[in-house]
Amino acid sequence: MTIPLPVTVIGGYLGSGKTTLVNHLLRNANGLRLAILVNEFGELAIDEDLIEAEDDDIISIAGGCVCCSFGSDLTGALMDMAKLNPQPDHVLIESSGVAIPSAIVGSVSLLDGFCTDGIVILADAETIQSSAGDKYMGDTVLRQLADANIIVLNKTDLVNEAHLSETKQWLGQQTGDVRIIESSHSIVAPQVVLDSFLVQQALEVPHLEASNLEMMTITLREPVDVENLAKKLADDDLGLIRAKGFVTSLTGQKTLIQVVGRRWETSLAPDSTLSGIVCLGFKGLISKQNIEKIGNVAS
Amino acid sequence: MADTTIYSARKIITMNPARPTVSHVAVRDGKILAAGDLAELETWGNYKLDETFADKVLMPGLVEGHAHTMEGTLWRYVYCGFFDRGDPNGKVWDGLQTIEAILDRLKEAEVQIDDPDVPLSGWSLDPIYMDNTRVTRADLDSVSATRPIGVLHASGHILNVNTKALELGGLMKTGINHPGIPLGVDGYPTGELYGPETMTPVGVHVGFNRSLTDSDEQGLRDFAKLCVRTGVTTITDLAARLDDEGVEAMLNVTGEDDYPARVVPLQFFMGATPKKTVEKVVGLKARATDRLRLGRIKAVADGSIQGFSARMRWPGYHNGAPNGLWYTAPEQLAELYRLALAAGIQVHTHTNGDEATDMVLETLAPALRDVPSPNHRFTLQHCQLADAAQFRKMKELSMCVNLFANHHFYWGDEHYRLTVGPERALRMNACRTALETGVPMAIHSDAPVTPLGPFFTAWSAVNRLTASGRTQGEHEKIGVEAALYAITLGAAYTLHLDDEIGSIEVGKKADFAVLEDDPTEIGGDNLKDVRVWGTVQGGRIFAASKL
Numbered sequence: 003m004t005i006p007l008p009v010t011v012i013g014g015y016l017g018s019g020k021t022t023l024v025n026h027l028l029r030n031a032n033g034l035r036l037a038i039l040v041n042e043f044g045e046l047a048i049d050e051d052l053i054e055a056e057d058d059d060i061i062s063i064a065g066g067c068v069c070c071s072f073g074s075d076l077t078g079a080l081m082d083m084a085k086l087n088p089q090p091d092h093v094l095i096e097s098s099g100v101a102i103p104s105a106i107v108g109s110v111s112l113l114d115g116f117c118t119d120g121i122v123i124l125a126d127a128e129t130i131q132s133s134a135g136d137k138y139m140g141d142t143v144l145r146q147l148a149d150a151n152i153i154v155l156n157k158t159d160l161v162n163e164a165h166l167s168e169t170k171q172w173l174g175q176q177t178g179d180v181r182i183i184e185s186s187h188s189i190v191a192p193q194v195v196l197d198s199f200l201v202q203q204a205l206e207v208p209h210l211e212a213s214n215l216e217m218m219t220i221t222l223r224e225p226v227d228v229e230n231l232a233k234k235l236a237d238d239d240l241g242l243i244r245a246k247g248f249v250t251s252l253t254g255q256k257t258l259i260q261v262v263g264r265r266w267e268t269s270l271a272p273d274s275t276l277s278g279i280v281c282l283g284f285k286g287l288i289s290k291q292n293i294e295k296i297g298n299v300a301s
Numbered sequence: 002m003a004d005t006t007i008y009s010a011r012k013i014i015t016m017n018p019a020r021p022t023v024s025h026v027a028v029r030d031g032k033i034l035a036a037g038d039l040a041e042l043e044t045w046g047n048y049k050l051d052e053t054f055a056d057k058v059l060m061p062g063l064v065e066g067h068a069h070t071m072e073g074t075l076w077r078y079v080y081c082g083f084f085d086r087g088d089p090n091g092k093v094w095d096g097l098q099t100i101e102a103i104l105d106r107l108k109e110a111e112v113q114i115d116d117p118d119v120p121l122s123g124w125s126l127d128p129i130y131m132d133n134t135r136v137t138r139a140d141l142d143s144v145s146a147t148r149p150i151g152v153l154h155a156s157g158h159i160l161n162v163n164t165k166a167l168e169l170g171g172l173m174k175t176g177i178n179h180p181g182i183p184l185g186v187d188g189y190p191t192g193e194l195y196g197p198e199t200m201t202p203v204g205v206h207v208g209f210n211r212s213l214t215d216s217d218e219q220g221l222r223d224f225a226k227l228c229v230r231t232g233v234t235t236i237t238d239l240a241a242r243l244d245d246e247g248v249e250a251m252l253n254v255t256g257e258d259d260y261p262a263r264v265v266p267l268q269f270f271m272g273a274t275p276k277k278t279v280e281k282v283v284g285l286k287a288r289a290t291d292r293l294r295l296g297r298i299k300a301v302a303d304g305s306i307q308g309f310s311a312r313m314r315w316p317g318y319h320n321g322a323p324n325g326l327w328y329t330a331p332e333q334l335a336e337l338y339r340l341a342l343a344a345g346i347q348v349h350t351h352t353n354g355d356e357a358t359d360m361v362l363e364t365l366a367p368a369l370r371d372v373p374s375p376n377h378r379f380t381l382q383h384c385q386l387a388d389a390a391q392f393r394k395m396k397e398l399s400m401c402v403n404l405f406a407n408h409h410f411y412w413g414d415e416h417y418r419l420t421v422g423p424e425r426a427l428r429m430n431a432c433r434t435a436l437e438t439g440v441p442m443a444i445h446s447d448a449p450v451t452p453l454g455p456f457f458t459a460w461s462a463v464n465r466l467t468a469s470g471r472t473q474g475e476h477e478k479i480g481v482e483a484a485l486y487a488i489t490l491g492a493a494y495t496l497h498l499d500d501e502i503g504s505i506e507v508g509k510k511a512d513f514a515v516l517e518d519d520p521t522e523i524g525g526d527n528l529k530d531v532r533v534w535g536t537v538q539g540g541r542i543f544a545a546s547k548l
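Protein chains in written order, with our numbering: chain A, 3 to 301; chain B, 2 to 548.
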């Protein structure tokens, strides 16, 4: 059984910090081979000290990562990524500032050998509300927010407490309370953005300690009703940002569960995989008590 | 001294108001030495009199300001269009009015391919003329169940494929949930694929590869043959990727002694920053030759009206479809415009919806305040829905416009009924308003979206007929003279080439359209039927019958 290549879409309007976030992830890739697809090579698409080699179409980055620009041919670029040897562990699409992210996910879903790992939208805490009111771009900005599984509310250092809380409230209204993670300078725990980081061997990924996030691992020794479990993990009461791991179903099949915000899916997995689900959530919400209702917890 | 040839003609329409018609034109070194009567021309000294055109009408070589060289490549595929259309070799293919007729033509082509793995490709399908009957994979399976088959629609945005092609592309499965892939009652795709994202995975298996918009060498040569057959001596390739290999190929082919057209490729603004794009085009401009005019940029603001991806102002689409898509953000366009203006590089911008046109006008205005450029001639391409106020603003900003006159014929009925509704359909491609407002104007075919043929384009602007035979927008009709100006000097102006081409007068290139009929006598109703003998390009004679 070949494991499909996970694809995360990072969206958000111009200036929301997408490129900075990509560089932050590359700096904290921690052995994970990331393939970054950008709409265009910006002036500083990739921080210079990370670049190992560069030609017209592809930038080679320290640690086995690559960055390619796809212009108008995203599907073609994805097909190229699948042919890379060694194959990347995770593909990250930095969509253009005017792109509709759900359309990109739709395209990815058509391709054999890929699976989608959600849409992370960056929003500039200072300007998001005025962008959403722009006479030309407003509806595009709102469509991007509506597509988000996770919103990274960025540049919080540029606004005061009142503005921040008002913006969060507004975002909640626009998106029906999708999970919002605050950040400045696009610094977030990498696990927020890519589920591949969740299941990495080393769990001491930086930028988690200082945040209001917490990780826990659930181990389920008995077979479970997989769909029911996935639903519970995606429930608003638990407020998980992400969860990923393997369980044994009631029919005895090893199954992969992936949760991004409220979105969840399950798929069959190789028998050899170890059981256990890694959860990323907000401190307080993701308490042992809450999770104990679901399974045995080891944090 | 170089030889001088004096051509006699039944009539020479010069587009030079000082002497609108003459009987002779003298050519030296590929340029026009003089236009007048024989006695005047003889004063230039020794000459050879050439009477090849004694019974023909000469016009300035026609200029197509918005086309794509891929038209040349597409003719290697099976033509499946509704209307009669001439190929590069002069054969006119009958239009096909039923799905059965399309399948029959595909079957004829299919049996001629020996290798069972070679795909069968067709193009220019348009179901709207056939009561919107959709072609299904079962239809194409009847042509062949074992050979992958793909037929591209006239719009270029939809691809019909058979079951074999879906299998090869990995889409022959149930459970697909994508707005660009309609499913049949059996849960499998019907075989229609909408948009490049859905077309690409299958397209590569049916002959439509990823660099579809790039023309290869043979395609460029075939494209030029179409130019000769339609009287065109200068033509644009309006969104070229222009990678190193492509530029080399274009330089080589257009540099061939018998290449009959001047090609103006515009660098597509996509996949590179404004700064890199402008730097690249400055470099390309330095490599330009007489027959390959590198050094211009094309940007795209929104999508298409019939695809509901154009950006519309209130009240939006007539059928209630949600507003379309932006392809470039205002901030990116603003930076592109500033840098291009500062570098003296011209930018043409595609807008279809009126909101996209608003955005471009509002973005260019401050860029021009920062970088005053009296001669910029930035041009709006298509600009189909612009209203009178927008044309006034174009005038204030010294912009040019290139309106999609052919579109009015091919899709005007759809716009009236479905996309924008009656009132706005009447004002689409408002040629008269453009001219009365004083906006320099060209009109275009967007070949291969509609067939190349400036006399057809001129006819469309003069008559404003739709495919169903209705006159749509009486008020926006223009006269024959204005239409002929638009397909010569008008288009040349939008390319900064009106000092070299577009009229028959001393010092300009010896570029002529050689005609059997006189377009100023044939009548506006018949303008599309002007017969073309061939062209003269840079003083070289190209007879359509000898290509």
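Idealized CB from N, CA, C, for every residue including glycine.
Predicted model only: the values in this text are computed from it and were never measured.
Minimum Cβ-Cβ distance from residue i to chain B less than 8 Å
| i | result |
| --- | --- |
| residue 19 of chain A | no |
| residue 72 of chain A | yes |
| residue 75 of chain A | yes |
| residue 301 of chain A | Interpretation of residue 301 of chain A is limited by its pLDDT of 45, a score under 50 that renders its predicted location unreliable; no figure is taken from the coordinates. |
| residue 112 of chain A | yes |
| residue 189 of chain A | no |
| residue 143 of chain A | no |
| residue 32 of chain A | no |
| residue 156 of chain A | no |
Proximity test, Cβ basis, 8 Å: residue i and chain A
| i | result |
| --- | --- |
| residue 327 of chain B | yes |
| residue 206 of chain B | no |
| residue 251 of chain B | no |
| residue 354 of chain B | no |
| residue 324 of chain B | yes |
| residue 72 of chain B | no |
| residue 172 of chain B | yes |
Continuous beta strand (DSSP E) stretch holding residue i: start and end
| i | result |
| --- | --- |
| residue 24 of chain B | 22-29 |
| residue 116 of chain A | 116-126 |
| residue 62 of chain A | 60-63 |
| residue 224 of chain B | Counting along the chain, residue 224 of chain B falls outside any beta strand (DSSP E), though it belongs to the alpha helix (DSSP H) covering 218-231. |
Proximity test, residue i beta-carbon vs the ligand FMN heavy atom, cut-off 7 Å
| i | result |
| --- | --- |
| residue 350 of chain B | With respect to small molecules bound, the structure shown includes none, and the ligand FMN cannot be examined in it. |
Host alpha helix (DSSP H) of residue i (start-end)
| i | result |
| --- | --- |
| residue 331 of chain B | 331-344 |
| residue 230 of chain A | 228-235 |
| residue 209 of chain A | Segment: none, residue 209 of chain A is in no alpha helix (DSSP H) and carries neither H nor E. |
| residue 156 of chain A | Taken as a continuous stretch (DSSP letters only), residue 156 of chain A belongs to no alpha helix (DSSP H), being part of the beta strand (DSSP E) at 152-156. |
| residue 266 of chain A | Looking at the DSSP string, residue 266 of chain A is not in any alpha helix (DSSP H); the run it does join, the beta strand (DSSP E), is 265-270. |
| residue 287 of chain A | First-last for residue 287 of chain A: undefined, no H or E at that position. |
Cβ neighbour criterion (16 or more within 10 Å) applied to residue i
| i | result |
| --- | --- |
| residue 347 of chain B | buried |
| residue 108 of chain B | exposed |
| residue 64 of chain A | exposed |
| residue 90 of chain A | buried |
| residue 98 of chain B | exposed |
| residue 343 of chain B | exposed |
| residue 408 of chain B | buried |
| residue 4 of chain B | exposed |
| residue 206 of chain B | buried |
| residue 45 of chain B | exposed |
Residues sharing a beta bridge with residue i, DSSP
| i | result |
| --- | --- |
| residue 327 of chain B | B:303 |
| residue 195 of chain B | B:159 |
| residue 595 of chain B | No statement about residue 595 of chain B is possible, as the shown extent of chain B runs from 2 to 548 and does not include it. |
| residue 34 of chain A | In the DSSP output, where bridge partners are listed per residue, residue 34 of chain A has none listed. |
Please give the ranges of any beta strand (DSSP E) in the region 2-76 of chain B, keeping only runs that are unbroken, at least 3 residues long and fully inside the region. If we require 3 residues or more, the beta strand (DSSP E) runs fully inside the region 2-76 of chain B come out as 5-14, 22-29, 32-37, 49-51, 58-61 and 63-65.
Jot down the residue ranges of each uninterrupted beta strand (DSSP E) in the region 372-459 of chain B, minimum 3 residues, whole runs only, in chain order. Counting only runs of 3 or more, we get 380-383, 401-404 and 442-444.
Whole alpha helix (DSSP H) elements within the region 66-127 of chain B, 4-residue minimum: Taken in chain order, the complete alpha helix (DSSP H) segments of 4 or more residues contained in the region 66-127 of chain B are 71-75 and 100-111.
Can you list the beta strand (DSSP E) stretches of 3 or more residues lying completely in the region 229-289 of chain B, in chain order? If we require 3 residues or more, the beta strand (DSSP E) runs fully inside the region 229-289 of chain B come out as 233-241 and 263-269.
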